[in-house]
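Chains as they are written, first to last, in the UniProt record's numbering: chain A, 1 to 457; chain B, 1 to 457.
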């Protein structure tokens with residue numbers, strides 16, 4: 001059964017960040033307030049902020065927290081006629097009664113009736129239940145409030161030494177933020193090289209660049225606990241030893257916050273994310289979900305994947321909002337594309353790395369090609385390495401990774417577009433990509449890599 | 001009849017630049033000198049140079065002419081066993097006798113017998129047979145020798161004022177070169193706006209940027225002649241008036257140099273380029289052609305197009321060389337992708353503009369979206385405009401144009417990849433492109449433009 005919008009119906013949105021508010025505002029574009037009442041429940045204070053901007057708030061590159069807020073609650077109320085309730089946490093969903101139980105930060109409890117329900121509960125940090133983890137100075141950076149608190153702690157205490165736990169995208173960005181603040185940084189990661197999204201040969205380049213920036217990189221180490229004095233962190237413990245730290249950043253990743261959905265009886269997928277179809281419908285009629293709390297269709301593995309990124313949250317929210325508003329839209333899946341930079345080094349990937357390809361059952365070949373960002377003779381040409389992986393036999397592109405300096409990273413979008421279309425590397429090698437000496441060698445690094453891996457397939 | 005390589009056969013290459021030498025060296029990779037003798041005839045002194053780098057040689061950004069030479073004749077002789085003859089101009093091809101008539105710069109004449117013939121005669125400037133055009137200081141920039149001569153003229157005479165005739169890619173790059181040399185620059189172009197490859201609304205942005213750099217832009221004017229004193233240019237004449245100029249750069253474009261092929265009886269296409277198939281075979285067995293002298297298959301119009309760019313010359317030459325060497329390769333066509341920059345402004349396009357789409361019989365819709373190169377709150381975010389054109393009804397992408405500052409231009413490769421795959425703009429709008437605040441707003445400009453044009457189709 002589909003719930004469509006008849007007379008005046010009511011949409012309740014749980015979670016007021018990218019996915020929830022994209023859905024709400026898109027539904028509003030299609031249905032005015034005489035047709036659709038929209039209530040958005042947000043347990044924090046902020047709506048629609050750029051979580052991806054938090055490292056830049058912590059570093060000070062972005063000066064004010066307001067800079068990260070795309071639209072505040074008042075804007076949604078005024079311009080979109082969306083009844084945003086901050087400090088309002090959804091504590092339960094009753095699918096039979098079609099209502100949400102809410103607890104206010106002030107202590108009040110009430111319920112909200114819905115015709116449509118949008119679940120956009122986001123993600124929570126992976127638990128790191130370690131001895132001493134409650135000490136001051138052990139800082140999460142997942143929500144805007146986390147980021148504000150982390151920056152305040154660093155401003156107030158001016159630590160000289162810090163540890164970043166986890167060296168994925170967030171870990172890298174936080175390492176950059178701390179370096180920019182003049183803090184001596186150690187990163188600790190359990191992997192063979194930083195950035196487990198990359199193959200180790202590409203991760204090695206990231207490690208060498210980090211080391212070149214003065215960052216100490218400790219690999220194959222797991223954090224076992226924290227040392228503190230007077231409830232303030234002083235060190236990080238691993239099986240290998242202890243590292244002094246006046247501040248610790250937890251960059252260990254997140255998992256879908258799907259508990260509320262699970263308790264309500266919505267289907268949860270094998271990855272732990274809320275299961276949705278391409279129109280962002282959950283297993284219950286009239287209940288939609290989007291953003292970091294859902295699992296998405298991965299276009300290469302053809303299976304579910306959790307990719308908690310603002311870009312998907314925005315797209316999925318918009319798709320849900322279009323469908324809630326009576327339109328038709330589909331979210332056509334993810335490739336796992338991601339990009340970051342650390343002090344000038346650009347790192348990006350899309351699709352499957354070696355380990356992911358193997359786990360997905362592909363037999364693959366890969367080639368890493370070192371080239372330059374401009375014609376070799378043009379000033380400012382910088383090194384970049386492009387690695388492509390393709391299925392043996394068919395030559396179908398499976399994934400790509402880029403590590404390099406200025407202008408390297410965004411080239412991953414060419415790989416993502418090729419991957420989106422299921423191209424073979426042979427076909428890619430002939431593509432008409434742009435060339436002029438300030439932008440590329442005459443054989444673009446992407447074309448060379450495609451040709452070389454095609455020769456192996 | 002196919003000519004394949006039996007016992008020892010002989011390949012004669014006419015033209016020793018990108019296409020010719022790519023073919024020669026690729027054929028050599030597949031066939032050693034016991035199987036294939038290779039003779040390359042080049043009327044100039046240089047082989048395999050980057051013609052696209054000439055503006056940067058003239059500006060001085062690239063200091064030495066050798067920097068532009070990828071491989072010199074001695075390298076080809078030594079490392080590839082290719083008998084390169086410089087100062088050797090092919091004056092006729094006898095398809096029955098399978099021989100090429102050659103004239104040496106020293107005055108000698110001889111013939112070269114061939115089994116395979118590679119025609120890579122390149123392009124010649126469009127004739128500008130105007131009164132006074134032989135005066136000193138009227139400078140072409142098509143060959144490396146032209147570039148060397150232009151730079152020498154500018155070094156020697158230190159002009160204060162110069163005119164660039166034609167404001168396409170080369171005209172823009174030469175305007176930048178002259179600005180960088182501290183010369184006052186006027187550009188004169190017959191079009192409504194600079195860069196006729198772009199729609200006028202995008203060309204206007206280029207004009208405004210040029211004007212912002214102090215370049216005088218004269219549009220809808222045709223050059224009618226040149227004024228000179230003592231055989232040295234002093235001014236450029238148009239119907240509207242006279243512009244003082246101590247140097248004039250001719251940036252009026254090129255046409256395929258297909259005369260030799262035509263006289264030999266090879267099929268010439270409707271564009272004036274040598275007609276070839278996807279394997280770079282001409283109408284005569286065992287005769288191949290590639291580079292600026294041929295016409296290529298345009299993947300959007302599905303018709304022939306002349307796109308004289310080094311990137312195609314290299315790819316086509318490589319394809320021809322593979323086939324000559326007994327392998328199998330195809331050149332899968334062009335999109336007309338191009339990119340340039342002028343003093344920081346990046347300009348790029350791919351596929352069809354409004355006029356080209358109309359002429360090709362498409363009814364199209366287009367949207368130009370202004371966005372930024374980074375998240376709005378991230379330092380260094382620069383304006384960029386992305387314009388996409390799609391076929392009405394089907395929504396198929398027909399072309400894209402980008403004008404913007406730092407990091408704008410190379411995004412055209414995403415458009416080119418989408419175009420290569422025949423994507424619809426609706427499908428493009430959902431793509432998983434990379435996002436992080438230093439690289440893009442959360443809705444990448446390409447995605448926004450795709451969505452907006454999809455809404456119109």
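Ideal Cβ placement from N, Cα and C applies to all residues, glycine included.
A quick note: this is a predicted structure, and the numbers were derived from the prediction, not measured.
In whole angstroms, give me the CA-to-CA distance for residue i and residue j.
i, j, result
"residue 267 (chain A)", "residue 273 (chain A)", "9 angstroms"
"residue 148 (chain A)", "residue 417 (chain B)", "40 angstroms"
"residue 439 (chain A)", "residue 374 (chain A)", "5 angstroms"
"residue 363 (chain A)", "residue 422 (chain A)", "16 angstroms"
"residue 264 (chain A)", "residue 94 (chain A)", "6 angstroms"
"residue 78 (chain B)", "residue 456 (chain A)", "28 angstroms"
"residue 328 (chain B)", "residue 279 (chain B)", "8 angstroms"
"residue 297 (chain A)", "residue 433 (chain B)", "15 angstroms"
"residue 83 (chain B)", "residue 295 (chain B)", "28 angstroms"
"residue 259 (chain B)", "residue 116 (chain B)", "19 angstroms"
"residue 319 (chain A)", "residue 19 (chain A)", "10 angstroms"
"residue 316 (chain A)", "residue 187 (chain B)", "48 angstroms"
"residue 198 (chain B)", "residue 287 (chain B)", "36 angstroms"
"residue 126 (chain B)", "residue 356 (chain A)", "54 angstroms"
"residue 2 (chain B)", "residue 293 (chain B)", "Interpretation of residue 2 (chain B) is limited by its pLDDT of 48, a score under 50 that renders its predicted location unreliable; the figure taken from the coordinates is listed afterwards. Residue 2 (chain B) and residue 293 (chain B): Cα-Cα distance of roughly 22 angstroms."
"residue 218 (chain A)", "residue 179 (chain A)", "16 angstroms"
"residue 377 (chain B)", "residue 62 (chain A)", "7 angstroms"
"residue 235 (chain B)", "residue 119 (chain B)", "39 angstroms"
For the putative contact between residue i and residue j, defined by C-beta atoms under 8 angstroms, what is the C-beta separation to the nearest angstrom?
i, j, result
"residue 216 (chain B)", "residue 203 (chain B)", "So it is not a contact: roughly 16 angstroms between Cβ atoms."
"residue 351 (chain B)", "residue 395 (chain B)", "Not confirmed; about 14 angstroms, so no contact."
"residue 249 (chain A)", "residue 144 (chain A)", "The Cβ separation is near 16 angstroms, so there is no contact."
"residue 223 (chain A)", "residue 130 (chain A)", "6 angstroms"
"residue 121 (chain B)", "residue 14 (chain B)", "6 angstroms"
Please decide whether residue i counts as near chain B, where near means a Cβ-Cβ distance under 8 angstroms.
i, result
"residue 68 (chain A)", "yes"
"residue 76 (chain A)", "no"
"residue 21 (chain A)", "no"
"residue 47 (chain A)", "no"
"residue 411 (chain A)", "yes"
"residue 432 (chain A)", "yes"
"residue 407 (chain A)", "yes"
"residue 170 (chain A)", "no"
"residue 5 (chain A)", "Note that residue 5 (chain A) scores a pLDDT of 47, beneath 50, so its modelled location is shaky and nothing firm can be said."
Shorter than 8 angstroms from the beta carbon of residue i to some beta carbon of chain A?
i, result
"residue 53 (chain B)", "yes"
"residue 280 (chain B)", "no"
"residue 110 (chain B)", "no"
"residue 452 (chain B)", "no"
"residue 178 (chain B)", "no"
State the DSSP-derived secondary structure class of residue i, mapped to helix, strand or coil.
i, result
"residue 349 (chain B)", "strand"
"residue 145 (chain B)", "helix"
"residue 195 (chain A)", "coil"
"residue 319 (chain B)", "helix"
"residue 273 (chain A)", "coil"
"residue 240 (chain B)", "coil"
"residue 441 (chain A)", "coil"
"residue 158 (chain A)", "coil"
"residue 114 (chain B)", "coil"
"residue 377 (chain A)", "coil"
"residue 82 (chain B)", "coil"
"residue 12 (chain A)", "strand"
"residue 168 (chain B)", "coil"
"residue 431 (chain A)", "coil"
"residue 312 (chain A)", "helix"
Do the region 66 to 78 of chain B and the region 43 to 52 of chain B meet, that is, are 3 or more Cβ pairs less than 8 angstroms apart?
-> Enough Cβ pairs lie closer than 8 angstroms, so yes.
Using 8 angstroms as the threshold, is the region 335 to 347 of chain A in touch with the region 11 to 30 of chain B, meaning 3 or more CB pairs across them?
-> Contact fails between the region 335 to 347 of chain A and the region 11 to 30 of chain B, because fewer than three Cβ pairs, one in each stretch, are under 8 angstroms apart.
Would the region 223 to 233 of chain B and the region 121 to 137 of chain B be scored as touching if the rule is three or more Cβ pairs under 8 angstroms?
-> Taking a contact to require three or more Cβ pairs closer than 8 angstroms, the region 223 to 233 of chain B and the region 121 to 137 of chain B qualify as touching.
Is there contact here, the region 206 to 215 of chain B with the region 104 to 122 of chain B, by at least three beta-carbon pairs under 8 angstroms?
-> Segments in contact, no.
Is there contact between the region 378 to 398 of chain B and the region 404 to 411 of chain A, where contact requires at least three CB pairs shorter than 8 angstroms?
-> Fewer than three beta-carbon pairs drawn from the region 378 to 398 of chain B and the region 404 to 411 of chain A are found closer than 8 angstroms, and the two stretches are therefore not classed as touching.
Meets three-Cβ-pair contact criterion under 8 angstroms: the region 301 to 308 of chain A and the region 29 to 40 of chain A | Judged by pairs of C-beta atoms under 8 angstroms, the region 301 to 308 of chain A does not touch the region 29 to 40 of chain A, as fewer than three such pairs exist.
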